[in-house]
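Residue numbers (full-length UniProt numbering): 1 to 479. Glycine included, each C-beta is placed from N, C-alpha and C at the ideal position. This structure is a prediction, so every number in the text was calculated from the model and none was measured. Everything on this sheet refers to the single structure shown next.
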Amino acid sequence: MKNLSFSTRLFLTVLLLFITFVSCFIFFQYNREKMYKTELLNTKLQSLNVSLYELTKYYGLSDSLIMQFAEGTETVEGIAKPRFTVIKDDGLVIYDSENKRLMDNHSDRPEIRKAMHDKSAYVISRRSDTMKRDYFYSATYFKDAGIVVRSSLPYDINLNKMLSVDIEYILVILVVTAILLLLLFRYTRNIGKVFHQLNQFFTRAKSGEDISQVNIKFPGNGLGDLARHIIELYGEIRESEEDKARLKRQLTQNISHELKTPVSSIKGFLETIVDNPDMPGATRDQFIRRCYDQANRLSSLLHDIMTLARMDEDDSTHYEKSKINILTLLDTIESETKLQLQERKMQFLKLVSPQVYVEANYSLLYSIFRNLTDNSISYAGVGTTITIRHIGEDEAMHTFQFSDNGVGVDQRHLPHLFERFYRVDKGRSRKLGGTGLGLAIVKNAVLFHNGNIQVRRSESGGLEFVFTLPKPDRAAPVD
Numbered sequence: 001m002k003n004l005s006f007s008t009r010l011f012l013t014v015l016l017l018f019i020t021f022v023s024c025f026i027f028f029q030y031n032r033e034k035m036y037k038t039e040l041l042n043t044k045l046q047s048l049n050v051s052l053y054e055l056t057k058y059y060g061l062s063d064s065l066i067m068q069f070a071e072g073t074e075t076v077e078g079i080a081k082p083r084f085t086v087i088k089d090d091g092l093v094i095y096d097s098e099n100k101r102l103m104d105n106h107s108d109r110p111e112i113r114k115a116m117h118d119k120s121a122y123v124i125s126r127r128s129d130t131m132k133r134d135y136f137y138s139a140t141y142f143k144d145a146g147i148v149v150r151s152s153l154p155y156d157i158n159l160n161k162m163l164s165v166d167i168e169y170i171l172v173i174l175v176v177t178a179i180l181l182l183l184l185f186r187y188t189r190n191i192g193k194v195f196h197q198l199n200q201f202f203t204r205a206k207s208g209e210d211i212s213q214v215n216i217k218f219p220g221n222g223l224g225d226l227a228r229h230i231i232e233l234y235g236e237i238r239e240s241e242e243d244k245a246r247l248k249r250q251l252t253q254n255i256s257h258e259l260k261t262p263v264s265s266i267k268g269f270l271e272t273i274v275d276n277p278d279m280p281g282a283t284r285d286q287f288i289r290r291c292y293d294q295a296n297r298l299s300s301l302l303h304d305i306m307t308l309a310r311m312d313e314d315d316s317t318h319y320e321k322s323k324i325n326i327l328t329l330l331d332t333i334e335s336e337t338k339l340q341l342q343e344r345k346m347q348f349l350k351l352v353s354p355q356v357y358v359e360a361n362y363s364l365l366y367s368i369f370r371n372l373t374d375n376s377i378s379y380a381g382v383g384t385t386i387t388i389r390h391i392g393e394d395e396a397m398h399t400f401q402f403s404d405n406g407v408g409v410d411q412r413h414l415p416h417l418f419e420r421f422y423r424v425d426k427g428r429s430r431k432l433g434g435t436g437l438g439l440a441i442v443k444n445a446v447l448f449h450n451g452n453i454q455v456r457r458s459e460s461g462g463l464e465f466v467f468t469l470p471k472p473d474r475a476a477p478v479d
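Okay, here's the thing in structure tokens:
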């Protein structure tokens, strides 16, 4: 059995169950039809018993009456005329239409005993001790008269044929069974083919073979469609894993590159100071200041990387949430960036009601608005305006718009702005001290709060960020 194919084993298993079911059905139906024909014959004989008894009630019980009734009775089912016997309830035979001799006591006959107990009874085939042949007996007990009227037919070939089951229905069942088995064979063969092909596919995939080059044709049925979906899903998962691995390598390379730049700068400045002990104090101070700036940039970069790492791990326990007033948060950011805003002659408009609260982690919420503000300060341009609006709400979320009327970016850059370390102008970004992670932090922080964010060019030419943040739970603490 182990050496057989899957489809063969499946077919043989189902075949065994099917044949068992069909055999049980045929056996049940055979006995049911035979019982029906037997009951039908017994009903006819019982009717004759009752008719004979009704005559004796009116004309009295006599040999001549019973003889006339027996002779006048037509053959039953074209087999023979029935034989009638009248027995008293003590077993004494009063009359028998085919035997005039003195007969033995019939109280021990099974059909007599059962009829006296159940009022009527029949025996399919019993040998008559008197007539020396087999009979079909049907007996009826009439308690008020104290007699049993019994009719019987000789159990010969004709009667046996009449009671036998028609073979046609068995032939029909066998033909239908053969057709179903043929369909079953084709179906199990298709199933086996699909499983065999799937096994081939996964064997190739396990061995590392390029699954994009694997071309397996499945049957055009539901199971074949399911197999194709499984392979497509496997391909998508495999491709997703490869994309993740590629992005991870790219991220590692980017982090290494971004860390290398400030470290190299710090190392270069310090080497210059060490190699030139007679360097003028003003120049030395300038180099130390540059080292300090690069160290700050390195610190900011490490902080942003750690922030993104925590959000990637979905460490919700690290970020506790509270009820936060947006206008108060924006006032804090405006105060902290006041000098930069003044240097670049920029305005900071807060079109948010004092009653607008969100339920969020303060650190991440601060990162959203602070990174967007720093991004606008760095790239929007001199004399521009930063505008934060509360533009709508539903049952669960507030919607905010953060925009500026600066130079903006080309349309082709918009799909990549939230990517880590993506820069529109790499040289200019590094010169301005950006880490390349600010907008990635913004997006991840919004997603962390089950919100969504989109970016587009505003009508004024700058960038416009639209994002949602959750409304607070009434029981949430106020920060």
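By Cβ distance below 6 angstroms, which residues in the same chain neighbour residue i in space, the five residues on each side in sequence not counted?
| i | result |
| --- | --- |
| T340 | The sequence shown places Gln at residue 340, not Thr. Excluding positions up to five away in sequence, the list reads I377. |
| V466 | Q401, Q454 |
| E98 | R83 |
| G408 | R457, G461, G462, L463 |
| L432 | Note that L432 has pLDDT 46, beneath the 50 cutoff, so the model's placement of it is unreliable and the number below is only indicative. The residues are S378. |
| T130 | N99, M103 |
| residue 487 | Past the edges of the chain, shown from 1 to 479, lies residue 487, and the structure says nothing about it. |
| A121 | E111, K114, A115, A139 |
Since residue i and residue j are thought to touch, with beta carbons under 8 angstroms apart, how far apart are those beta carbons, to the nearest angstrom?
| i | j | result |
| --- | --- | --- |
| T399 | L349 | Not really, about 17 angstroms apart at Cβ, beyond 8 angstroms. |
| L351 | R389 | 4 angstroms |
| L15 | L174 | Not really, about 14 angstroms apart at Cβ, beyond 8 angstroms. |
| L372 | V442 | 6 angstroms |
| S138 | N42 | 5 angstroms |
| K323 | P470 | At roughly 11 angstroms, the Cβ-Cβ gap does not stay under 8 angstroms, so K323 and P470 are not in contact. |
| L61 | V93 | With 8 angstroms as the limit, L61 and V93 do not qualify as a contact, their Cβ atoms being about 13 angstroms apart. |
| S125 | F136 | 7 angstroms |
| D90 | S107 | 7 angstroms |
Identify the residues that DSSP records as bridge partners of residue i: which are they?
| i | result |
| --- | --- |
| N325 | Y357 |
| K132 | Beta-bridge pairing links K132 to no other residue. |
| F142 | I147 |
| F402 | I388, F465 |
| Q46 | In DSSP, Q46 forms no bridge with anything. |
| R83 | S152 |
| K88 | I147 |
| S137 | What sits at residue 137 in the sequence shown is Tyr, not Ser. DSSP output for Y137 lists V123, S152 as bridge partner(s). |
| L351 | R389 |
| V76 | A80 |
| M397 | P470 |
Could you pull the start and end residues of the beta strand (DSSP E) that residue i belongs to?
| i | result |
| --- | --- |
| I391 | 385-393 |
| R150 | 147-154 |
| M162 | Per DSSP, M162 belongs to no beta strand (DSSP E); it is in the alpha helix (DSSP H), 157-163. |
| Q411 | That residue, Q411, is in no beta strand (DSSP E); it is neither H nor E in DSSP. |
| P280 | P280 -> no beta strand (DSSP E), and no H or E assigned at all. |
| Y319 | From DSSP, Y319 is part of no beta strand (DSSP E); its letter is neither H nor E. |
| V455 | 453-457 |
| A121 | 120-127 |
| D96 | 93-96 |
Quick check: is the beta carbon of residue i nearer than 7 angstroms to any beta carbon in chain C?
| i | result |
| --- | --- |
| M162 | Among the protein chains of the structure shown there is no chain C, as only one such chain exists. |
Going by DSSP, what residue range makes up the alpha helix (DSSP H) through residue i?
| i | result |
| --- | --- |
| M67 | 63-72 |
| K443 | 438-448 |
| H106 | Taken as a continuous stretch (DSSP letters only), H106 belongs to no alpha helix (DSSP H), as it is neither H nor E. |
| L372 | 362-379 |
| E419 | Premise fails: E419 is in no alpha helix (DSSP H) and is neither H nor E. |
| Q340 | 338-343 |
Report the option in the options whose CA atom is closest to the CA atom of residue i.
| i | options | result |
| --- | --- | --- |
| D118 | Y169, G438, I87, K143 | K143 |
| T468 | E419, Y357, S458 | Y357 |
| S363 | T75, H449, V274 | H449 |
| N361 | N444, Q286, I147 | N444 |
| S23 | L171, P354, L439, V446 | L171 |
| D96 | V50, V149, D331 | V149 |
| F11 | D331, F185, F28 | F185 |
| residue 482 | T85, Y169, A396 | Only positions 1 to 479 of the chain appear in the structure, and residue 482 is not among them; the question remains open. |
| L437 | L447, N452, E419, G451 | E419 |
| H413 | E395, L439, A396 | L439 |
| Q347 | T337, Q355, T283 | T337 |
| K37 | T56, E393, E77 | E77 |
| E393 | S353, N105, P277, D374 | S353 |
| T56 | Q46, T13, F28, A145 | A145 |
Less than 8 angstroms between C-beta atoms, sequence neighbours within five positions excluded: which residues of the same chain meet that for residue i?
| i | result |
| --- | --- |
| G406 | S376, Y379, A380, G381, T384, G461, G462, L463 |
| K426 | Confidence at K426 is low in this model, with a pLDDT of 49, below 50, so the placement of that residue is unreliable and no value is reported for it. |
| V446 | I368, N452, I453, F467, T468, L469 |
In its own chain, which residues sit with a C-beta less than 7 angstroms from the C-beta of residue i, not counting the 5 before and 5 after it?
| i | result |
| --- | --- |
| I79 | L153, N158, L159, M162 |
| I19 | none |
| M397 | G451, T468, L469, P470, K471 |
| A475 | Any reading at A475 must be qualified, since the residue scores a pLDDT of 47, below 50, and its modelled position is unreliable; the value itself is stated next. Once the five neighbours on either side are set aside, A475 has no close Cβ partner at all. |
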